[in-house]
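Mapping to numbering that gives the first Met the number 0: the sequence shown position 165 is 164, numbers consecutive.
Take a look at the structure set out below.
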Amino acid sequence: MQSRVQEPEFSCGIDEAGRGPVIGPMIISMVCGNSKNIKETGAKDSKELSQNSRLKIFEKLKSDAEIILVRVIESKELDLLMEKMTINQIEEKYALELIKEAPYDIFVDSFDVNEERCSETLSRKSGKNVICRHKADRDYSVVSAASVVSKVKREEEMDKIRKTFEGVGSGYPSDPT
Numbered sequence: 000m001q002s003r004v005q006e007p008e009f010s011c012g013i014d015e016a017g018r019g020p021v022i023g024p025m026i027i028s029m030v031c032g033n034s035k036n037i038k039e040t041g042a043k044d045s046k047e048l049s050q051n052s053r054l055k056i057f058e059k060l061k062s063d064a065e066i067i068l069v070r071v072i073e074s075k076e077l078d079l080l081m082e083k084m085t086i087n088q089i090e091e092k093y094a095l096e097l098i099k100e101a102p103y104d105i106f107v108d109s110f111d112v113n114e115e116r117c118s119e120t121l122s123r124k125s126g127k128n129v130i131c132r133h134k135a136d137r138d139y140s141v142v143s144a145a146s147v148v149s150k151v152k153r154e155e156e157m158d159k160i161r162k163t164f165e166g167v168g169s170g171y172p173s174d175p176t
């Protein structure tokens, strides 16, 4: 495990929601800006926040973050990609798309069991300074913000599905049947 890197004044964070669903898309988001301003929105790991809190933070982020980018990978696209790629390779592909737009160093909630390999791969392929850490959504405000954005956007996508199909829960296998 790598040691914690101090979050600089300006940075970007990347996190996802919907990595293991049976229904609905996977969302990968990047938030960039002044770390202090982003922290003041109350952003933290989206799993620790109520839906209402996530929505309030998301609204604050719209004005306090410099950049918010979201990639929605629909379930049909995920199915096609998974015929040729692992879920980690898919997440790497979309993270690299976001990283191209990053004006600062990037912190990523590591999708690879090996943080160092994740950091080295994304840095090499992007030509930028990328730091992957497990639980980065807990330790870095910009990743916390990306966690909130991804979760809010996934909930919006699931709401669209629920309008068509009654009884759909969160889309994860843990939903009651």
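C-beta atoms are modelled at their ideal positions from N, C-alpha and C, and glycine is treated no differently.
This one's a predicted model, so the numbers in the text were calculated from it and none came from an experiment.
Buried/exposed call for residue i, threshold 16 Cβ in 10 Å
i, result
"E115", "exposed"
"P24", "buried"
"M29", "buried"
"M157", "buried"
"S173", "Below a pLDDT of 50, predicted positions are generally treated as unreliable, and S173, at 46, falls in that range; the measurement from the model is reported next regardless. Per the 10 Å Cβ criterion, exposed."
"D14", "buried"
"T40", "buried"
"V112", "exposed"
"E76", "exposed"
"K134", "exposed"
"D78", "exposed"
"I49", "For the record, residue 49 in the displayed sequence is Ser; it is not Ile. With fewer than 16 Cβ atoms within 10 Å of its Cβ, S49 is classed as exposed."
"K83", "exposed"
Selected residue, minimal CA-CA separation from residue i, among the options
i, options, result
"S45", "I160, F9, V147 and E82", "V147"
"T120", "I98, R3 and I160", "I98"
"Q5", "F110, E82 and I105", "I105"
"C31", "V69, S49, F9 and A135", "F9"
"E100", "L80, G126 and A42", "G126"
"E96", "N33, N51 and S122", "S122"
Spatial distance of residue i from residue j (CA atoms)
i, j, result
"K61", "R153", "17 Å"
"R137", "S143", "6 Å"
"K150", "C117", "22 Å"
"I130", "E47", "23 Å"
"I37", "I22", "31 Å"
"K35", "F57", "16 Å"
"R70", "T163", "22 Å"
"I86", "P7", "30 Å"
"R132", "Y139", "10 Å"
Residue range of the alpha helix (DSSP H) that includes residue i
i, result
"I98", "I86 to I98"
Residue span of the beta strand (DSSP E) that contains residue i, given as start and end
i, result
"E15", "F9 to A16"
"S74", "First-last for S74: S74 to L80, but that is the alpha helix (DSSP H), not the beta strand (DSSP E)."
"S28", "M25 to N33"
"F110", "Segment: none, F110 is in no beta strand (DSSP E) and carries neither H nor E."
Minimum Cβ-Cβ distance from residue i to chain D less than 8 Å
i, result
"C11", "No chain D is part of this structure, which consists of one protein chain only."
Practice item. Would you mind listing the alpha helix (DSSP H) stretches within the segment 113-173 that are 4+ residues and don't spill past its ends, in chain order? Key: 114-125, 135-138 and 140-163
Practice item. Just list the alpha helix (DSSP H) runs in the segment 37-69, keeping only unbroken ones of 4 residues or longer that don't cross its boundaries, in chain order. Key: 50-63
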